[in-house]
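The next block holds one structure in the form of structure tokens; read it before the comments.
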Amino acid sequence: MKKIFMYNLLNMEKPFVKHFAAQHPDVTFAGTPDKLTSKNVGLAKGADGISIHFNSPEKSLYSSLHKFGVKIIGVRQTGYNEVDLDAAKKNHLVVTNVPGYSPRSVAEMALTHVMYLLRHIGDIRQREAKGDFLWAGDEAREIHNLTVGVIGTGKIGGTSAKIYKALGAKVLGSDPYPNPQLKSTLTYVPLKTLLQTADVIVLHTPLLKSTRHMIGAKEFKLMKNSVIFVNVSRGAVVDTNALIDALKDHEIAAAGLDTIEDEGNTFNRDNKGTIPNQYIKQLINMPNVLITPHVAYDTDNSVKNMVEISLNDIYDVINGKSVKDQLNK
Numbered sequence: 113m114k115k116i117f118m119y120n121l122l123n124m125e126k127p128f129v130k131h132f133a134a135q136h137p138d139v140t141f142a143g144t145p146d147k148l149t150s151k152n153v154g155l156a157k158g159a160d161g162i163s164i165h166f167n168s169p170e171k172s173l174y175s176s177l178h179k180f181g182v183k184i185i186g187v188r189q190t191g192y193n194e195v196d197l198d199a200a201k202k203n204h205l206v207v208t209n210v211p212g213y214s215p216r217s218v219a220e221m222a223l224t225h226v227m228y229l230l231r232h233i234g235d236i237r238q239r240e241a242k243g244d245f246l247w248a249g250d251e252a253r254e255i256h257n258l259t260v261g262v263i264g265t266g267k268i269g270g271t272s273a274k275i276y277k278a279l280g281a282k283v284l285g286s287d288p289y290p291n292p293q294l295k296s297t298l299t300y301v302p303l304k305t306l307l308q309t310a311d312v313i314v315l316h317t318p319l320l321k322s323t324r325h326m327i328g329a330k331e332f333k334l335m336k337n338s339v340i341f342v343n344v345s346r347g348a349v350v351d352t353n354a355l356i357d358a359l360k361d362h363e364i365a366a367a368g369l370d371t372i373e374d375e376g377n378t379f380n381r382d383n384k385g386t387i388p389n390q391y392i393k394q395l396i397n398m399p400n401v402l403i404t405p406h407v408a409y410d411t412d413n414s415v416k417n418m419v420e421i422s423l424n425d426i427y428d429v430i431n432g433k434s435v436k437d438q439l440n441k
């Protein structure tokens, strides 16, 4: 009988794993809430495939997995920059991801950040906590009068653009690979033009060597002082020190972050009143900043899709089939 082992198995994923297991009685399932490390790689012995989530495996683990007979690493998310595709390929390990588990869940979270910041909710909440319920300073802009710039127009970015278009905004897009299907939704412009023109900028960009810190001090200086900047992609796409400086120097008006550099030591942890991440420590009390702990994906629909799509790919590979989501062909 085939076996699939799941690392970083979350409680919210377990019902969908149970449902999948019931539909595939020829496979046994096991898992741990811990991420894959050198200390627990032995748990994968006897498994034909493993599944990981928000995990950066050490390079030596790929050869260990191969020796154990593992054939595939299924990444239960869209982003795969944490996985060494070359090391996996050298050790005959197929790597897959879930490229489109629920574009709308992330796009809706981006919109939530935008509206929170446009309506000054953070400032209002801080003043209310002090007993100040005055209206002064609460005047907001309406989104249908604004230009929204979407950086990265793949499945999630394209969905995001359609939402802003439906709300009446003018939408600009920037992507090295323009999508002709979005022709009626947005206007593609050079990145510099988008940065200079947009009232709201939403980042939907994968983390690659070419995109690391693609938004830094130079880019923030190009933006309007009134811009709302939102990142729901990957933290390291933004130079966070430059972002903090831009906020302190009033080069931008506000920032919404569902992801931030070096977030792993803080997000999805109860830090018992402390904030290990030094960037978050500086940003968390700014009324014009909204931070959520990388939960843009976290809806019932998206968790279901992430689990089922990833496990389906693993199931097919360990049964000798090819899959369209393979990353290291």
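Per the numbering used here, residue 113 is the first one in the sequence shown, and the count goes up by one each step.
No residue lacks a Cβ here, since even glycine has one placed at the ideal position from N, Cα and C.
Whole-number beta carbon distance between residue j and residue i, since they are thought to touch under 8 Å
i, j, result
"isoleucine 236", "aspartate 250", "6 Å"
"serine 163", "isoleucine 430", "So it is not a contact: roughly 12 Å between Cβ atoms."
"lysine 114", "aspartate 138", "6 Å"
"aspartate 146", "tyrosine 174", "At roughly 18 Å, the Cβ-Cβ gap does not stay under 8 Å, so aspartate 146 and tyrosine 174 are not in contact."
"valine 314", "serine 286", "Not quite, the Cβ-Cβ distance comes to about 11 Å (not below 8 Å), so this is no contact."
"threonine 378", "isoleucine 356", "16 Å between Cβ atoms; not a contact."
"phenylalanine 166", "glutamine 189", "7 Å"
"isoleucine 421", "valine 210", "5 Å"
"threonine 144", "asparagine 152", "7 Å"
"alanine 310", "leucine 284", "6 Å"
"tyrosine 409", "serine 214", "7 Å"
Alpha carbon of residue i to alpha carbon of residue j, nearest angstrom
i, j, result
"leucine 320", "leucine 246", "46 Å"
"alanine 200", "asparagine 440", "8 Å"
"isoleucine 268", "glycine 186", "21 Å"
"glutamine 238", "glutamine 394", "16 Å"
"valine 312", "isoleucine 340", "5 Å"
"glutamate 375", "threonine 352", "11 Å"
"histidine 232", "alanine 348", "26 Å"
"valine 301", "glutamine 308", "11 Å"
"asparagine 337", "threonine 371", "22 Å"
"leucine 402", "isoleucine 396", "8 Å"
"lysine 171", "glycine 191", "18 Å"
"glycine 328", "alanine 354", "6 Å"
"glutamate 220", "aspartate 428", "32 Å"
"asparagine 380", "alanine 358", "27 Å"
"arginine 216", "methionine 398", "28 Å"
"lysine 384", "aspartate 196", "33 Å"
"lysine 274", "lysine 282", "11 Å"
Under the three-state DSSP convention, the category residue i falls into
i, result
"methionine 118", "strand"
"threonine 352", "helix"
"phenylalanine 166", "coil"
"valine 445", "What is shown of the chain runs 113 to 441, which leaves residue 445 out entirely."
"tyrosine 192", "coil"
"valine 435", "coil"
"valine 344", "coil"
"alanine 142", "strand"
"tyrosine 289", "coil"
"tyrosine 300", "strand"
"leucine 177", "helix"
"isoleucine 387", "coil"
"valine 182", "coil"
"isoleucine 327", "strand"
"leucine 359", "helix"
C-beta neighbour in chain B for residue i, strict 8 Å
i, result
"valine 210", "Of the protein chains in this structure there is only one, and it is not chain B."
| Does the segment 246 to 258 come within contact of the segment 343 to 350, defined as at least 3 CB pairs closer than 8 Å? | With contact defined as three or more Cβ pairs closer than 8 Å, the segment 246 to 258 and the segment 343 to 350 are not in contact.
| Going along the chain, which unbroken runs of the beta strand (DSSP E) with 3 or more residues stay wholly within the segment 201 to 285? | For secondary structure counted as the beta strand (DSSP E) over 3 or more consecutive residues, the segment 201 to 285 holds these complete runs in sequence order: 206 to 208, 259 to 263.
| field | At least 3 beta-carbon pairs within less than 8 Å: the segment 315 to 333 vs the segment 291 to 298 | value | Cβ pair count under 8 Å is below three, so no.
| said: Under 8 Å, with one C-beta from each stretch per pair, do the segment 208 to 228 and the segment 363 to 381 reach the 3-pair mark? | reply: Put simply, the segment 208 to 228 touches the segment 363 to 381. At least three CB pairs are less than 8 Å apart.
| Do the segment 191 to 210 and the segment 167 to 183 meet, that is, are 3 or more Cβ pairs less than 8 Å apart? | Segments in contact, yes.
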